[in-house]
Amino acid sequence: MLETPPSSNWRIALPRGATAVPIARAMVRCALQDLGTTADRTTAQLLTAELVANALKHTGGDHPIELVVERGPDGCQVEVHDGDTVLVEGLGEPAPMAMLMSAAGPGEPLPMTGPRATGPGTTGPGTTEPGTTGPGAPLPAPAAPVAATAPRVPAIRNRGLLLVRSLSSGSGCRRTQDGKAVWFTLPEVHRTRRR
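Here's what the structure looks like:
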């Protein structure tokens, strides 16, 4: 008698609401265990939570959300499907380190010039007249702009997508028949045995 091979993917419909994220985290952990993949489960749970939270935040209440986990020859791919047709931007190849460093503020790169200073003639609450010293006196304007120490990198507005990009081996967004799928891949982790 021929045995059917175990399924190489899981499909899970998620509820809309606050329970979707913890359910998705638990389901991706179970799916990776069941599929026998050695991909990092903690990273998979974190990135899945980010994608499900984004789907909840950016899609209407009538769009269903589905989690798909598939094992491939080089690792696993996790997808979050929703009914919204607007594709997510900012995914693709893993993010360069400079981009990670520039994510200091929500959607803002780190400043690349010296400290902000007020110029002569600036007055307002807590300041004194130009040319005076003491608490609240305006700072002199710098003589020349301070050179940037690192190249400017476009800012990513969504830190969750930056996490997905930086912690996965690949990520993206594609259209589906009913909307879109946002996905990431994680490689198999080859552990060495201790003696």
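Start counting the sequence shown at 24; every next residue gets the next number (our numbering). All C-beta atoms, glycine included, are put in the ideal place defined by N, C-alpha and C.
**OP:** Could you check the C-alpha separation between Ala41 and Leu74 for me, to the nearest Å?
**Re:** Across the structure, Ala41 and Leu74 are spaced so that their CA atoms are roughly 14 Å apart.
Original post:
DSSP beta-bridge partners for Lys80?
Top reply: Paired residues: none, contrary to the question.
Original post:
Apart from the five residues on each side of it in sequence, which residues of its chain come closer than 6 Å, Cβ to Cβ, to Val44?
Top reply: Ala72, Val75 and Ala76
Original post:
With distances taken between CB atoms, is the gap from Arg39 to Pro96 smaller than 9 Å?
Top reply: Judged by beta-carbon spacing, Pro96 lies beyond the 9 Å limit of Arg39, meaning their Cβ atoms are not closer than that value.
Original post:
What beta strand (DSSP E) runs, 3 residues minimum, are completely inside the region 63-115?
Top reply: 88-95 and 98-105
Original post:
By how many angstroms is the C-alpha of Arg94 removed from the C-alpha of Ala54?
Top reply: When rounded, the separation of the alpha-carbon atoms in Ala54 and Arg94 is 9 Å.
Original post:
Alpha carbon to alpha carbon, how far is Arg188 from Arg197?
Top reply: 15 Å
Original post:
For Arg34, which of Asp85, Val51 and Leu90 has the nearest alpha-carbon?
Top reply: Leu90
Original post:
Looking only at DSSP bridge pairs, what is Pro210 linked to?
Top reply: Gly98
**OP:** Would you verify that the beta carbon of Trp33 is, or is not, closer than 9 Å to some beta carbon of chain C?
**Re:** Here there is only one protein chain, and chain C is not present.
**OP:** Please name the residue, chosen from Asp201, Leu110, Arg214 and Thr199, that lies closest to Leu184 on a Cα-to-Cα basis.
**Re:** Per the Cα distances, Leu110.
Original post:
So what does DSSP say about Ala41, is it helix, strand or coil?
Top reply: Of the three classes helix, strand and coil, the one that applies to Ala41 here is coil, per DSSP.
Original post:
Terminal residues of the continuous alpha helix (DSSP H) containing Gly195?
Top reply: First-last for Gly195: Gly193 to Thr199, but that is the beta strand (DSSP E), not the alpha helix (DSSP H).
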